[in-house]
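As given, the protein sequences belong to chains A and B, one line each in that order. Heads up: the first sequence runs through residues 15 to 231, numbered per my numbering. Heads up: the second sequence runs through residues 15 to 231, numbered per my numbering. Every residue gets a Cβ at the ideal spot worked out from N, C-alpha and C, and that includes glycine. Keep in mind it's a predicted model, so treat the numbers as computed, not measured.
There are 2 protein chains.
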Amino acid sequence: MPPTITAFERSPDGGRGLARDMRVRWALEEAGQPYEVRLVSFSAMKAPDHVALQPFGQIPTYEEDDLVLFESGAIVLHIAERHAGLLPDHANDRARAIAWMFAALDTVEPPILELITVKILEGDKPWRNERLALVEDRIRSRLKQLSVRLDDADWLDGAFSAADLLMVSVLLRLKSSGLLDDYVNLAAYVARGEARPAYKRAFAAQLAVFNAASSVG
Amino acid sequence: MPPTITAFERSPDGGRGLARDMRVRWALEEAGQPYEVRLVSFSAMKAPDHVALQPFGQIPTYEEDDLVLFESGAIVLHIAERHAGLLPDHANDRARAIAWMFAALDTVEPPILELITVKILEGDKPWRNERLALVEDRIRSRLKQLSVRLDDADWLDGAFSAADLLMVSVLLRLKSSGLLDDYVNLAAYVARGEARPAYKRAFAAQLAVFNAASSVG
Numbered sequence: 015m016p017p018t019i020t021a022f023e024r025s026p027d028g029g030r031g032l033a034r035d036m037r038v039r040w041a042l043e044e045a046g047q048p049y050e051v052r053l054v055s056f057s058a059m060k061a062p063d064h065v066a067l068q069p070f071g072q073i074p075t076y077e078e079d080d081l082v083l084f085e086s087g088a089i090v091l092h093i094a095e096r097h098a099g100l101l102p103d104h105a106n107d108r109a110r111a112i113a114w115m116f117a118a119l120d121t122v123e124p125p126i127l128e129l130i131t132v133k134i135l136e137g138d139k140p141w142r143n144e145r146l147a148l149v150e151d152r153i154r155s156r157l158k159q160l161s162v163r164l165d166d167a168d169w170l171d172g173a174f175s176a177a178d179l180l181m182v183s184v185l186l187r188l189k190s191s192g193l194l195d196d197y198v199n200l201a202a203y204v205a206r207g208e209a210r211p212a213y214k215r216a217f218a219a220q221l222a223v224f225n226a227a228s229s230v231g
Numbered sequence: 015m016p017p018t019i020t021a022f023e024r025s026p027d028g029g030r031g032l033a034r035d036m037r038v039r040w041a042l043e044e045a046g047q048p049y050e051v052r053l054v055s056f057s058a059m060k061a062p063d064h065v066a067l068q069p070f071g072q073i074p075t076y077e078e079d080d081l082v083l084f085e086s087g088a089i090v091l092h093i094a095e096r097h098a099g100l101l102p103d104h105a106n107d108r109a110r111a112i113a114w115m116f117a118a119l120d121t122v123e124p125p126i127l128e129l130i131t132v133k134i135l136e137g138d139k140p141w142r143n144e145r146l147a148l149v150e151d152r153i154r155s156r157l158k159q160l161s162v163r164l165d166d167a168d169w170l171d172g173a174f175s176a177a178d179l180l181m182v183s184v185l186l187r188l189k190s191s192g193l194l195d196d197y198v199n200l201a202a203y204v205a206r207g208e209a210r211p212a213y214k215r216a217f218a219a220q221l222a223v224f225n226a227a228s229s230v231g
């Protein structure tokens with residue numbers, strides 16, 4: 015039985031591939047693993063049967079035989095540890111790749127997620143514009159550090175890994191903001207991620223879900 | 015050779031054990047592993063030789079033979095995978111514990127870190143009080159979900175694991191805010207973490223560093 019993941023019935027990102035099921039889809043595509051998708055509505059995400067799988071009422075979840083997982087970072091790591099193509103073989107290389115996975119989620123993504131707070135959750139507040147400038151500065155300081163480290167390499171540490179999958183996914187949130195444009199190597203890095211066949215298949219799959227929901231009206 | 019970690023020469027938390035070297039110290043103490051500490055000043059953290067170890071100019075780092083790691087979550091996972099006492103033996107139990115590690119860092123901690131933004135980074139802004147209320151509401155909604163899931167269990171999923179180590183560390187940031195007081199089971203959970211001998215040894219070690227720096231003046 016292939017694993018089953020959950021995804022938004024109608025993603026709030028409008029099909030741009032920013033919802034976190036995309037990271038799991040991409041990992042499964044890189045690993046060449048088939049999967050099933052169960053779509054959940056916003057109200058179903060808060061219902062007891064989903065909360066039993068995901069204590070915080072979010073997507074994605076991952077069900078495989080009698081294992082139930084949540085947290086996209088953990089699911090990507092689980093897939094990467096069990097299939098070839100997403101983590102290096104040597105123990106030290108592997109530990110460093112996992113460190114970069116945590117860096118993507120715990121150091122680079124948090125200021126980027128603040129854009130959602132500023133623009134959407136608090137988009138009607140009088141402090142919106144002044145805070146937006148502060149948050150953008152915090153993002154730029156992270157991007158600068160990441161840009162220096164990446165330098166002219168294709169990927170973060172040797173061959174493409176689950177760390178790049180997560181880092182590219184995190185940086186893709188900045189696409190519409192223009193903030194990536196000042197960091198030519200980071201923009202090219204993101205484009206390399208998007209050009210991977212596995213990314214394209216995952217992106218198409220999540221877009222098809224969004225388009226199907228939209229056509230229903 | 016025992017591993018060497020880096021820590022603040024003078025922690026901005028005043029020795030309360032909230033800096034991220036504490037999580038690594040605690041993990042090493044749970045695993046019964048000796049370690050060395052190299053203290054770094056704020057200016058040394060941004061210097062090229064430290065940035066070579068930690069691309070974002072932060073602490074902690076972890077050096078063991080020819081392996082260099084950064085990101086406290088990754089370091090704790092590395093220690094937990096190599097020594098007994100921090101992860102269950104069975105593969106599925108282990109995967110779920112790792113999922114809870116990601117949940118602590120990626121779902122529970124982000125709104126809690128916003129308290130630092132509100133109170134310190136933007137503590138002089140006119141929106142401080144109104145935003146503080148919004149951030150506290152976001153924290154409470156996460157705490158409520160976590161409290162429901164924990165219920166009357168001692169730990170998140172079976173025996174104490176690296177997931178509890180990280181979750182307790184994250185919740186400890188709330189101690190001075192009073193926000194934990196409404197969730198009796200979470201407050202007791204944090205107290206159980208603090209009562210562990212390994213936690214106490216790690217706490218004493220980081221406090222000794224802070225006190226030594228303070229006595230120098």
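Cβ separation of residue i and residue j, assumed to be a contact under 8 angstroms, to the nearest whole Å
i	j	result
Gly29 of chain B	Gln159 of chain A	Between Gln159 of chain A and Gly29 of chain B the Cβ distance is about 28 angstroms, and since that is not below 8 angstroms, they are no contact.
Ile89 of chain B	Tyr49 of chain B	Ile89 of chain B to Tyr49 of chain B, Cβ: 11 angstroms. No contact.
Leu3 of chain A	Leu127 of chain A	Residue 3 of chain A falls outside the range modelled here, since chain A spans only 15 to 231, and no answer is possible.
Arg37 of chain A	Ser86 of chain A	5 angstroms
Glu136 of chain B	Leu146 of chain A	At roughly 13 angstroms, the Cβ-Cβ gap does not stay under 8 angstroms, so Glu136 of chain B and Leu146 of chain A are not in contact.
Gly132 of chain A	Val184 of chain A	For the record, residue 132 of chain A in the displayed sequence is Val; it is not Gly. Not really, about 17 angstroms apart at Cβ, beyond 8 angstroms.
Val77 of chain B	Pro124 of chain B	Note that residue 77 of chain B is Glu in the sequence shown here, rather than Val. Not confirmed; about 28 angstroms, so no contact.
Gly31 of chain A	Leu186 of chain A	7 angstroms
Own chain residues within Cβ distance below 7 angstroms of residue i, not counting five before or after
i	result
Ala176 of chain A	Ala41, Val90, Leu91, Ala94, Leu100, Leu101, Ala111, Met115
Tyr213 of chain A	Trp40, Gly207
Ser287 of chain A	One cannot answer for residue 287 of chain A here, as it falls past the ends of chain A, which runs 15 to 231.
Spatial distance of residue i from residue j (CA atoms)
i	j	result
Val54 of chain A	Phe84 of chain A	15 angstroms
Leu81 of chain A	Asn106 of chain B	6 angstroms
Asp63 of chain B	Arg52 of chain A	48 angstroms
Arg96 of chain B	Asp35 of chain B	19 angstroms
Tyr197 of chain B	Ala205 of chain B	12 angstroms
Glu23 of chain B	Ile134 of chain B	21 angstroms
Glu144 of chain B	Glu150 of chain B	10 angstroms
Ala222 of chain B	Met59 of chain B	20 angstroms
Ala98 of chain A	Arg156 of chain B	35 angstroms
Leu217 of chain A	Ala216 of chain B	Note that residue 217 of chain A is Phe in the sequence shown, not Leu. Rounded to the nearest angstrom, the two C-alpha atoms are 45 angstroms apart.
Gly172 of chain A	Ser191 of chain B	43 angstroms
Ala21 of chain B	Ala219 of chain B	11 angstroms
Asp14 of chain B	His104 of chain B	Nothing in the structure corresponds to residue 14 of chain B, since chain B is present only between 15 and 231.
Asp168 of chain B	Arg210 of chain B	13 angstroms
Ala227 of chain A	Ile73 of chain A	17 angstroms
Gly46 of chain A	Met15 of chain A	15 angstroms
Ala61 of chain B	Phe174 of chain A	28 angstroms
Leu230 of chain A	Ser57 of chain A	Here the sequence assigns Val to residue 230 of chain A, which means Leu is not the residue at that position. About 18 angstroms.
Pro140 of chain B	Leu188 of chain A	28 angstroms
Ala113 of chain B	Arg152 of chain A	28 angstroms
Closer than 7 angstroms to chain B by CB, residue i
i	result
Trp141 of chain A	yes
Arg52 of chain A	no
Gln68 of chain A	no
Gln47 of chain A	no
Leu170 of chain A	no
Leu180 of chain A	no
Close Cβ partners of residue i (< 8 angstroms) along its chain, the five nearest in sequence each way excluded
i	result
Pro69 of chain A	Phe84
Pro26 of chain B	Ala33
Asp138 of chain B	none
Leu164 of chain B	Leu170, Asn199, Leu200, Tyr203
Arg154 of chain B	Leu193, Asp196
Asp166 of chain A	Asn199
Asp117 of chain B	Here residue 117 of chain B turns out to be Ala, not Asp, going by the sequence shown. Result list for Ala117 of chain B: Ala177, Met181, in chain order.
Residues near residue i by beta carbon distance below 6 angstroms, same chain, minus five either side
i	result
Leu67 of chain A	Thr75, Val82
Ala201 of chain B	Leu194
Val65 of chain B	Gly71
Phe224 of chain B	Ser25, Gly29
Glu44 of chain B	Gly99, Leu100, Ala212
Asp178 of chain A	Trp169, Leu170
Arg108 of chain A	Leu101, Pro102
Cβ of residue i within 7 angstroms of any chain A Cβ
i	result
Leu81 of chain B	yes
Quick one, which residues of the stretch 102–124 of chain A are near chain B if we go by CB-CB under 9 angstroms, in chain order? Ala105, Asn106, Ala109, Arg110, Ile112, Ala113, Trp114, Met115, Phe116, Ala117, Leu119, Asp120, Thr121, Val122, Glu123, Pro124
Interface positions of the stretch 83–99 of chain B facing chain A (Cβ-Cβ less than 7 angstroms), listed along the chain: Leu83, Phe84, Glu85, Gly87, Ala88, Leu91, His92
Could you list the residues in the stretch 152–167 of chain B with a C-beta less than 8 angstroms from some C-beta on chain A, going in chain order? Arg156, Gln159, Leu160, Val162, Arg163
According to a CB-to-CB cut-off of less than 7 angstroms, which residues of the stretch 31–42 of chain A neighbour chain B? none
Counting only Cβ-Cβ distances shorter than 9 angstroms, please list the residues of the stretch 124–139 of chain B near chain A, keeping chain order. Pro124, Leu127, Glu128, Thr131, Leu135, Glu136, Lys139
Got a sec: which bits of the stretch 172–202 of chain A sit with their beta carbon under 9 angstroms from any beta carbon on chain B, in order along the chain? none
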